[in-house]
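Numbering (this note's numbering), first residue to last: 102 to 566.
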């Protein structure tokens with residue numbers, strides 16, 4: 102029997118269970134004999150590890166094991182960070198720092214004890230001797246001659262030089278009636294799910310089972326199996342209820358390998374639950390970049406060309422399935438449903454001594470949307486047009502479909518202009534503008550924002566060229 106779901110109200114089936122507190126999250130899973138892990142993290146942004154002595158921690162009652170970078174390097178394979186369909190420089194690194202730390206909060210050692218309290222206390226007894234190194238804390242500084250290099254296998258700190266061009270944007274901009282150019286900066290953000298990251302693993306002999314609150318459990322299985330040297334069929338990864346993700350649980354972190362590694366070594370279930378301080382220091386940050394956007398228009402407001410030059414701060418870059426990935430994702434999304442033919446995007450994604458850069462609500466799209474929409478507002482002011490009218494003039498309409506964008510996306514359906522028209526009508530936009538003009542001056546003002554954003558669900562030419 103065929104069911105039609107489009108346009109129907111679908112009742113959610115899981116709400117009551119969660120609202121009544123009957124969800125099952127990683128920390129709710131109780132296995133007999135479970136022991137707990139705590140992680141020692143670097144207090145330095147950049148330093149050599151000259152000596153590490155786990156002996157005093159191992160001597161404490163209730164402490165079962167202390168693992169350091171040398172233990173992990175001898176018994177596991179490194180994370181291999183490959184590019185996502187473009188010329189991103191590769192990275193190899195282990196789940197614990199081996200000889201050098203590159204950001205505050207990087208995992209240096211792991212303690213497994215009978216409970217979390219003992220494990221946390223034992224961290225204080227691990228003796229680590231660091232030799233601090235000069236650190237680079239910003240993308241522009243990372244490009245300076247003589248800047249500290251994060252990865253010795255690279256000639257500089259650039260993980261990705263990215264370029265895409267369609268048409269003749271320079272020629273069109275030179276002939277345009279109105280040109281608007283602005284630098285837009287987006288600060289660091291991160292997701293803050295109610296449930297922090299967590300992992301539980303048990304070695305069942307013929308199979309290793311890992312419970313993790315991952316947004317991508319199949320990829321977790323592949324990466325964990327590769328790092329532990331296991332065939333994928335010998336590893337089961339299960340994602341129970343997840344208490345929020347926002348993108349930050351999309352990645353594979355060092356703890357995702359450390360916990361099953363420890364479970365195999367000890368022959369007991371091992372659990373690790375991130376605390377809020379760890380989340381701030383070691384869970385991916387996102388969005389930090391600077392974009393210069395240049396738009397060219399006819400006098401009537403018709404958008405002719407778009408150029409973007411981006412500088413992205415990736416932190417250390419050492420996180421699986423991100424790296425410079427947001428850059429091509431953002432470049433692909435730059436048209437945002439507008440009609441224009443001439444487009445160029447240049448970008449440099451650089452590494453710095455900060456927490457690695459990853460996904461958060463949009464994965465590269467939000468930043469370019471912010472930059473383009475701010476430039477559209479400036480253009481409306483220059484052209485003497487209402488910001489909504491400028492967008493309505495340039496958004497793809499039903500008469501334009503099918504439409505191939507400047508980035509190669511082939512749009513066969515969609516209601517881009519019609520959607521904005523409907524939103525303006527529902528909001529009473531024209532009445533709000535009249536009210537805004539009637540508002541007296543002073544400390545209280547009425548602000549009205551208009552924006553358009555279009556996200557893709559697959560790769561286009563700009564992502565793979």
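Glycine included, each C-beta is placed from N, C-alpha and C at the ideal position.
All of these numbers come straight from a predicted model, not from anything done at the bench.
DSSP-derived helix/strand/coil call for residue i
| i | result |
| --- | --- |
| residue 368 | coil |
| residue 471 | helix |
| residue 401 | coil |
| residue 55 | The displayed coordinates of the chain run from 102 to 566. Any statement about residue 55 would go beyond what the structure contains. |
| residue 449 | strand |
| residue 434 | helix |
| residue 115 | coil |
| residue 516 | coil |
| residue 179 | coil |
| residue 233 | strand |
| residue 323 | helix |
| residue 271 | helix |
| residue 158 | helix |
| residue 351 | helix |
| residue 566 | Confidence in residue 566 is poor, its pLDDT being 49 and thus under 50, which makes the residue's placement unreliable; the coordinate value appears in the next sentence. Coil. |
| residue 331 | coil |
| residue 226 | coil |
| residue 500 | helix |
| residue 174 | helix |
| residue 46 | One cannot answer for residue 46 here, as it falls past the ends of the chain, which runs 102 to 566. |
| residue 360 | helix |
First through last residue of the beta strand (DSSP E) which encompasses residue i
| i | result |
| --- | --- |
| residue 264 | 259 to 267 |
| residue 337 | 336 to 339 |
| residue 317 | It is not in any beta strand (DSSP E) - residue 317 carries neither H nor E in the DSSP assignment. |
| residue 415 | Looking at the DSSP string, residue 415 is not in any beta strand (DSSP E), and its letter there is neither H nor E. |
| residue 439 | Unbroken run through residue 439: none, as it is neither H nor E. |
| residue 168 | 164 to 169 |
| residue 311 | 309 to 313 |
| residue 193 | 192 to 194 |
Per DSSP, the bridge partner or partners of residue i
| i | result |
| --- | --- |
| residue 299 | 374 |
| residue 137 | 214, 372 |
| residue 386 | 458 |
| residue 410 | 393, 447 |
| residue 208 | 142 |
| residue 304 | 309 |
| residue 343 | Answer by DSSP bridge pairing: none, since residue 343 is not bridged. |
Backbone CA spacing between residue i and residue j [nearest angstrom]
| i | j | result |
| --- | --- | --- |
| residue 537 | residue 546 | 8 Å |
| residue 363 | residue 346 | 25 Å |
| residue 240 | residue 160 | 44 Å |
| residue 165 | residue 235 | 36 Å |
| residue 283 | residue 460 | 25 Å |
| residue 566 | residue 142 | Any reading at residue 566 is ruled out, since the residue's pLDDT is 49, under 50, leaving its predicted position unreliable. |
| residue 318 | residue 358 | 13 Å |
| residue 523 | residue 530 | 10 Å |
| residue 177 | residue 322 | 15 Å |
| residue 351 | residue 534 | 41 Å |
First and last residue of the uninterrupted alpha helix (DSSP H) at residue i
| i | result |
| --- | --- |
| residue 127 | Where residue 127 is concerned, there is no enclosing alpha helix (DSSP H), given that its DSSP letter is neither H nor E. |
| residue 287 | Not the alpha helix (DSSP H): residue 287 falls in the beta strand (DSSP E), residues 279 to 287. |
| residue 154 | Residue 154 -> not in any alpha helix (DSSP H); beta strand (DSSP E) instead, spanning 148 to 154. |
| residue 539 | 530 to 539 |
| residue 242 | 240 to 243 |
| residue 290 | Element bounds for residue 290: n/a, residue is neither H nor E. |
Buried/exposed call for residue i, threshold 16 Cβ in 10 Å
| i | result |
| --- | --- |
| residue 111 | exposed |
| residue 457 | buried |
| residue 153 | buried |
| residue 104 | exposed |
| residue 370 | buried |
| residue 295 | exposed |
| residue 511 | exposed |
| residue 120 | exposed |
| residue 181 | exposed |
| residue 275 | exposed |
| residue 196 | buried |
| residue 218 | exposed |
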